[in-house]
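First the structure, in the form of structure tokens, and then the observations on it.
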Amino acid sequence: MFVNSKQSHQVVNTYIHDYDYGATLDGLNKHFEQCGVIMRTKILRDKFSGKSKGFAYIEFTDVVSIDLALKLNESLFCGKQIKVTAKRTNIHGLSTTDK
Numbered sequence: 001m002f003v004n005s006k007q008s009h010q011v012v013n014t015y016i017h018d019y020d021y022g023a024t025l026d027g028l029n030k031h032f033e034q035c036g037v038i039m040r041t042k043i044l045r046d047k048f049s050g051k052s053k054g055f056a057y058i059e060f061t062d063v064v065s066i067d068l069a070l071k072l073n074e075s076l077f078c079g080k081q082i083k084v085t086a087k088r089t090n091i092h093g094l095s096t097t098d099k
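All the letters of the sequence shown, read from the start, carry residue numbers 1 to 99 under UniProt numbering.
Written out as structure tokens, the structure reads:
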């Protein structure tokens, strides 16, 4: 299931890594479509070669979807055991370094 990203929805992100470098957007979407409505899937790629860096983000519309997606941690995708975590949120003005 997919929705138009211009619609107003709460967006929840997952971070996917350790998957096969040959994985496609369609493949990731099919693997995670059972979790809920997917707003966007992004595979991060090297800007020069265009090859996958081996990690991606999937945006869902609700928190229930993220909980279901996290249950796919260590599931097999394209012959590899993938890692699924909640995307870390950066808080503006919060730093872990001393200045």
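Note that the Cβ used here is the ideal one computed from N, Cα and C, for glycine as well.
Among the options, the one whose alpha carbon lies nearest that of residue i
{"i": "residue 55", "options": "65, 61, 46", "result": "46"}
{"i": "residue 40", "options": "70, 74, 26, 83", "result": "26"}
{"i": "residue 30", "options": "77, 82, 83, 61", "result": "77"}
Sequence-distant residues of the same chain with beta carbon closer than 7 Å to residue i, five excluded per side
{"i": "residue 80", "result": "18, 19, 20"}
Coil, strand or helix - residue i by DSSP
{"i": "residue 53", "result": "strand"}
{"i": "residue 77", "result": "strand"}
{"i": "residue 69", "result": "helix"}
{"i": "residue 30", "result": "helix"}
{"i": "residue 37", "result": "coil"}
{"i": "residue 9", "result": "Note that residue 9 scores a pLDDT of 44, beneath 50, so its modelled location is shaky and nothing firm can be said."}
Beta-bridge partners of residue i, as assigned by DSSP
{"i": "residue 83", "result": "17"}
Close beta carbons around residue i, own chain, < 6 Å, minus the five adjacent residues each side
{"i": "residue 74", "result": "81"}
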